[in-house]
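Numbering follows UniProt numbering, in which position 296 of the sequence shown is assigned residue number 296; successive positions increment by one, without gaps. Every residue gets a Cβ at the ideal spot worked out from N, C-alpha and C, and that includes glycine. Because the structure is a prediction, the values reported are computed rather than measured. Down below is the structure, laid out as structure tokens.
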Amino acid sequence: MVGRKEKKRLLRSDAQRERKILQRAQLFARRLKPSILSSPPQETPVQLVSKQCPLKGCDSSGHLNGLDQRHITLSACPLYHNASPQYWRQMREREEGIAPSEPAFSSADTVTMSPAVNRSSHLYTVREPNLEKLASSVFIYQFRRAQQKLVSDVEREVQEHLILCARLRQLEQKANPSTNLLSDTLAIQAGTSKEIPVNNLRAIVFGEWEMQTWYASMYPPEVACLPLIYICEFCLTYMRYNIAYRRHRLRCKRKFPPGNEIYRKGTLSFFEVDGEKQKEYCRNICLLAKLYLKQKTVHELDRVPAFLFYILTEADEAGCHIIGYFSKHKPEEQDCPPSATYNNLSCLLILPHYQRKGYGRMLVEFSYLLSRLEGRVGSPERPLSDHGLLLYQNYWRWVVVSYLAAYDLKEINIRSVSEFLGVDVRDIVSTLLDLGLLKYIRTEYYIVNDKSVFRRILSEMRSPDESRRIDRDLLHWCPPKPSLSANTEAPI
1 MVGRKEKKRL
11 LRSDAQRERK
21 ILQRAQLFAR
31 RLKPSILSSP
41 PQETPVQLVS
51 KQCPLKGCDS
61 SGHLNGLDQR
71 HITLSACPLY
81 HNASPQYWRQ
91 MREREEGIAP
101 SEPAFSSADT
111 VTMSPAVNRS
121 SHLYTVREPN
131 LEKLASSVFI
141 YQFRRAQQKL
151 VSDVEREVQE
161 HLILCARLRQ
171 LEQKANPSTN
181 LLSDTLAIQA
191 GTSKEIPVNN
201 LRAIVFGEWE
211 MQTWYASMYP
221 PEVACLPLIY
231 ICEFCLTYMR
241 YNIAYRRHRL
251 RCKRKFPPGN
261 EIYRKGTLSF
271 FEVDGEKQKE
281 YCRNICLLAK
291 LYLKQKTVHE
301 LDRVPAFLFY
311 ILTEADEAGC
321 HIIGYFSKHK
331 PEEQDCPPSA
341 TYNNLSCLLI
351 LPHYQRKGYG
361 RMLVEFSYLL
371 SRLEGRVGSP
381 ERPLSDHGLL
391 LYQNYWRWVV
401 VSYLAAYDLK
411 EINIRSVSEF
421 LGVDVRDIVS
431 TLLDLGLLKY
441 IRTEYYIVND
451 KSVFRRILSE
461 MRSPDESRRI
471 DRDLLHWCPP
481 KPSLSANTEA
491 PI
């Protein structure tokens, strides 16, 4: 048997023995190299991704502005627009007489990104549609020149590149949430904080329809970060959650646009809304239009008051459902004499679920009717989109050929035709050239006056639906007068 004192002595000796062993281990550890005990964690290999064009098969050479030798965005890619870099360079030199300058982008410019992201799957493979057979060479040249002016804005090009990088950043965070290399690089490039606003909006619920979006809009960050938002089809208020949307639909008292109904034919109506009197409503419709129009820029609240909005609706027992709209500058906002050509249409939108039903042509015809009543010759604001170009070409062909088919006199003046139709002379000339009806003989231009040719052209074109035609007798509208006060109340 071991006594109590002997047991305490043994415990003390065991503790001393353990203490000595620990001291020896620490002494041995000091003699070792620090790299053996604590090797630094291995860093994730960083892959350098060059700033290059997102179009598959493009080497980033050339630029749409005709000046730079490299590009990094799709809008500045000559290959995407089906033309060589030399074509755009010659256009720039011809129009402005500017020699090519030093490249704005260097091939050494890179951004860091985790190697887990496969960028090849996000390259674009579809190019711009071929426009050669859509219009005359003169009209296409003007359209190309307008495209070149748009991409001359370097700030817009940098913004487009940052959006592309932000999408890659999202993919990187999904693949490896611990890495934040790309966000740091983007913050350095933008000169701001590390938080880069990313538009995640992919679809909207509009009334009974759920529609995918085509482009990004300028909704607030707390709304744009969501993949799906809800928009009231009557007051255009946007909401983040379905429960708020359902409650709003029960409480919303708006059943038609907040303006004057100036036209009604059957269930179709036009409402004229003043952007100065209904700022919030007009700003919301501009935000909605930006989701489906690439070049739509008029969404700022301070610019909305300068426009008039003409909204096309279809009525049923629930209310007046928006089909589309077009906007135009107020006459007093355009610095041009009454006899000069002015923009009778700035923006046109047909919602996706109403497209390909003849409503676009109806909006164009209505805009020209208003121009004729104002005693002005109108033309759409350039540049036109691909769909807008086709829409206007079909309308110009129909009205010009229909006028010539019914014209019986031997002599004709293009300016008189322009005043009668309300169409700009340049648009009429481009239409005649496109149809081969304008001939140059002995220093003078002549219009081919062949009724059989006119009938053949009209038969080949699809006749507009009678329900989509504008009836002048159903329009109750007078040309707007310059407003004397900016603080007038909105009509109810």
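Cβ shell of residue i (< 8 Å), same chain only, five flanking positions each side left out
i, result
"Ser385", "Leu293, Lys294, Gln295"
"Ile492", "Per-residue confidence for Ile492 stands at a pLDDT of 34, beneath the threshold of 50, marking its modelled position as unreliable; no derived number is given."
"Tyr392", "Val364, Pro380, Leu384, Asp427"
"Pro129", "Asp386"
"Asn65", "Ala76, Trp88, Arg92, Gln148, Val151, Ser152"
Beta-carbon gap between residue i and residue j smaller than 7 Å
i, j, result
"Tyr354", "Ile311", "no"
"Asp427", "Ser463", "no"
"Leu348", "Lys330", "no"
"Pro78", "Gly62", "yes"
"Leu404", "Phe454", "yes"
"Phe271", "Glu280", "no"
"Ala224", "Val151", "no"
"Ile243", "Ile204", "no"
"Glu314", "His321", "yes"
"Thr213", "Leu201", "yes"
"Lys328", "Leu345", "yes"
"Ala135", "Asp434", "yes"
"Leu287", "Ser217", "yes"
"Pro479", "Glu374", "yes"
"Ser418", "Val425", "yes"
"Cys235", "Arg254", "yes"
"Arg376", "Tyr342", "yes"
"Pro352", "Met461", "no"
DSSP state of residue i mapped onto helix, strand, coil
i, result
"residue 495", "A query on residue 495 cannot be resolved here, the shown segment of the chain reaching from 1 to 492 and no further."
"Glu477", "Residue identity differs from the one stated: residue 477 is Trp in this sequence, not Glu. Correct three-state label for Trp477: coil."
"Gln212", "strand"
"Arg472", "helix"
"Glu261", "strand"
"Asn344", "strand"
"Glu317", "coil"
"Arg70", "strand"
"Ala203", "strand"
"Phe139", "helix"
"Met91", "helix"
"Tyr80", "coil"
"Leu181", "The predicted model places Leu181 with a pLDDT of 41, which falls under 50 and marks its position as unreliable; any figure quoted below should be read in that light. Looking at Leu181 - three-state DSSP - the assignment turns out to be helix."
"Ser463", "coil"
"Val273", "strand"
"His63", "coil"
"Tyr446", "strand"
"Ser327", "strand"
"Met239", "strand"
"Phe309", "strand"
Proximal residues to residue i (C-beta, below 6 Å), its chain only, five neighbours per side dropped
i, result
"Leu389", "none"
"Pro85", "Gly62, Pro78"
"Phe139", "Ser430"
"Ile231", "Ile204, Phe206, Tyr238"
Residues near residue i in its chain [Cβ-Cβ closer than 7 Å; skip 5 each side]
i, result
"residue 500", "Missing from the structure shown is residue 500; the chain here goes from 1 to 492 and no further."
"Gly207", "Glu233, His321"
"Val273", "Pro257, Pro258, Gly259, Tyr281, Cys282, Phe309, Ile311"
"Leu474", "Tyr263, Arg264, Lys265"
"Gln52", "Ser60, Ile72"
"Leu437", "Ile447, Val448"
Residue i: CB within 6 Å of a non-hydrogen atom of the ligand MG
i, result
"Tyr281", "Among the ligands in the structure shown, none appear at all, so the ligand MG cannot be discussed."
Segment contact, 8 Å Cβ cut-off, at least three pairs: the segment 441 to 448 with the segment 394 to 401 | Cβ pair count under 8 Å is below three, so no.
In chain order, which alpha helix (DSSP H) runs of at least 4 residues are fully inside the segment 374 to 440?
-> 386 to 406, 414 to 421, 425 to 435
Could you tell me whether the segment 263 to 270 touches the segment 230 to 242, where touching means 3 or more Cβ pairs closer than 8 Å?
-> Under the Cβ criterion (8 Å, minimum of three pairs), the segment 263 to 270 does not count as touching the segment 230 to 242.
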